[in-house]
Amino acid sequence: MIGGRREGGLMRKASQSVVKSRILIAVAIIGCLFAFLYPHGFLSFYSPAFHSQVLSSKCESSHRLNELKAEYAAELEKNEELRQQVKELTEKVRLAEQKKDHAQKQIEALGKWRKAGPSGTVKGLRTNPTVIPDESVNPRLAVILEAVAVGRELIVALANWKVKESLEIWFTNIKRVGITNYLVVALDDKITEFCKSNNVPVFTRDANDGIASIGRTGNNHAVSGLKFHILREFLLLGYSVLLSDIDIVYLQNPFDYLYRDSDVESMTDGHDNMTAYGFDDVFDEPAMGWARYAHTMRIWVFNSGFFYIRPTIPSIELLDRVAGRLAKEPKSWDQAVFNEELFFPSHLGYEGLHAARRTMDFYLFMNSKVLFKTVRKDDRLSKLKPVIVHVNYHPNKLQRMKAVMEFYVDGNRDALKPFPDGSEWEW
Ligand SMILES: *[C@@H]1O[C@H](CO)[C@@H](O)[C@H](O)[C@H]1NC(C)=O
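First residue of the sequence shown: 1, per this note's numbering; consecutive thereafter.
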């Protein structure tokens, strides 16, 4: 800080004296011009010939002009020296601040300073500490969560009247599996009433809440953007949230299958070990000859319709970053933004998020591509019961949700047969 101010002072002084000498020179030049008509014109003052022309002229101030020129040159040199010094100092300060910053952050994160152990025993931090709960952010919600959550965690879904039928399947399965810690954030009054009449825990946002109106009228994508905003309060209140879309059939209790070691633990859009968990995708550029193969890191995106998020600083930063970008870029897709914020590293002009991530098992937390393309056709895989099935890859959600129930709950082995692998809807 002190270093920064001092450099600022040096800079200002240097540039002030340069300005002063520039003004003096300009005055002298104009004086000369008015006394004599120069054949080379005004611009010649700036040419190398300027020096000798001035000396040979009869301008009375030419002597003074030369002095000024010399002064100016000296000032320029001094200025350059100062600039160099300032540059070096700035760089030193930047490096020092960076070191201090990193060290401080690490000590804050780890709680104590320690040595690394032998190879194989060293493990970085992925389970960040949770924030201190702040009930003042939403006392009404705090009361509800106190009653509904189990072990300070719960399933949360946003719903408006448009998804009423899917919602019914959603909570019917949740109840059947015996999950009690779940909550519907109702985006309109009809859905509030619907939940109440079905004994489904529901939270209705204040009518004058600016974002409540988006929920009432919004399409799927608008509602998806909303959830990052709404989730924030849950985390500030100190709860871990399993955020759930409505087009999900619960077959087991997901809280029995979580690791809880990362800021974000998410189901994947991937369909096998590589696409779900990451792989080296080699890009071939034959023109490069010996170096034709470029290795790239790839992973199918996290599904932003089903993820477990712990109430930590990186998690809250993630929600804020995604909500902020969705507000600024209304055409962007929330799932793409969610993944970009989670995965892109820091680079020039951009500070990446440092959140710990875990991909859920894609057979347990199954997307509908895995089910319809692979699992239903595989004798062994089709006998394993997933924790949830998310009908994310197909448009006729209601029919497929019902078929998933028939298949896994009622044991009808033919229930999935009528459906094509993909959707029949063509672009
Ligand atoms: C995928 O990974 C799991 C766990 O590492 C492994 O057991 C399984 O054999 C892998 N499957 C394939 C097809 O490689």
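Note that beta-carbon positions come from the ideal geometry of N, C-alpha and C, so glycine has one too.
For clarity, every value in this text was computed on a predicted model and none was experimentally measured.
**OP:** For my contact list, E153 and N181 are in at a C-beta cut-off of 8 angstroms; report their separation, rounded to the angstrom.
**Re:** 7 angstroms
Original post:
CB of D272 to nearest heavy atom of ligand 1: below 8 angstroms?
Top reply: D272: yes, Cβ under 8 angstroms from ligand 1.
Subject >> Rounded distance between the beta-carbons of L319 and F228, thought under 8 angstroms >> reply: 5 angstroms
Subject >> Start-to-end residues for the alpha helix (DSSP H) that takes in T172 >> reply: 164-177
**OP:** Report all residues from its chain with a CB closer than 8 angstroms to the CB of D414; omit the five preceding and five following residues, and keep chain order.
**Re:** none
**OP:** Pair every Cβ in the region 355-363 with every Cβ in the region 261-276, then say whether three or more of these pairs are closer than 8 angstroms.
**Re:** yes
Original post:
Buried or exposed: A186, going by 16 or more other Cβ atoms within 10 Å of its Cβ?
Top reply: buried
**OP:** Measure the alpha-carbon distance for N396 versus Q335 and round it to whole angstroms.
**Re:** 20 angstroms
Original post:
Hey, I313 and V131 are a contact pair by Cβ (cut 8 angstroms); roughly how many whole angstroms apart?
Top reply: 6 angstroms
**OP:** Quick one: grab the DSSP three-state call for Y408.
**Re:** helix
Original post:
What residue from I248, L326, D421, K331 has the CA that sits closest to T172's CA?
Top reply: Of all alpha-carbon atoms in I248, L326, D421, K331, the one lying nearest the alpha-carbon of T172 is that of I248.
Original post:
By how many angstroms is the C-alpha of I169 removed from the C-alpha of I316?
Top reply: 31 angstroms
**OP:** Specify the secondary structure class of I309 as computed by DSSP and reduced to three states.
**Re:** Strand, per DSSP.
Original post:
Within this structure, are the beta carbons of L371 and V404 separated by less than 9 angstroms?
Top reply: yes
Subject >> Beta-carbon proximity list for Y239, same chain, < 7 angstroms, skipping 5 on both sides >> reply: L145, A149, R152, E153, L154, P311
Original post:
How is D134 classed by DSSP in three states: helix, strand or coil?
Top reply: coil
Original post:
Looking at the unbroken alpha helix (DSSP H) that takes in R140, where does it start and where does it end?
Top reply: 139-148
**OP:** Return the residue from the list V375, S119, K369 that minimises the CA-CA distance to N392.
**Re:** K369
Original post:
Is M297 near D280, with beta carbons less than 9 angstroms apart?
Top reply: Yes, they are a contact pair.
Original post:
Where does the unbroken beta strand (DSSP E) through W240 begin, and where does it stop?
Top reply: For the sequence presented, residue 240 should be read as Ser rather than Trp. Where S240 is concerned, the enclosing beta strand (DSSP E) stretches over 240-244.
Subject >> Classification of Y259 by the beta-carbon crowding that lies within 10 angstroms, buried from 16 upward >> reply: So Y259 counts as exposed.
Original post:
Three-state secondary structure (DSSP) at H390?
Top reply: strand
Original post:
Per DSSP, I191 forms a beta bridge with which residues?
Top reply: Paired residue(s): none; I191 is not in a bridge.
**OP:** Look at F306 and I388 and say whether their C-beta atoms are less than 9 angstroms apart.
**Re:** yes
Original post:
To the nearest angstrom, how far is it from the Cα of A73 to the Cα of V122?
Top reply: 59 angstroms
Original post:
By a C-beta neighbour count over all protein chains shown, 10 Å radius and 16 as the cutoff for buried, is M204 buried or exposed?
Top reply: The amino acid at residue 204 is misidentified as Met; the sequence shows Thr. The residue is buried, with at least 16 neighbouring Cβ atoms inside 10 Å.
Original post:
What residues in its chain sit with their C-beta under 7 angstroms from that of E77, if we drop five residues either side in the sequence?
Top reply: none
Original post:
Among all the DSSP beta bridges, which residues are the ones paired with D284?
Top reply: Y293
Subject >> Three-state secondary structure (DSSP) of I299 >> reply: Correct three-state label for I299: coil.
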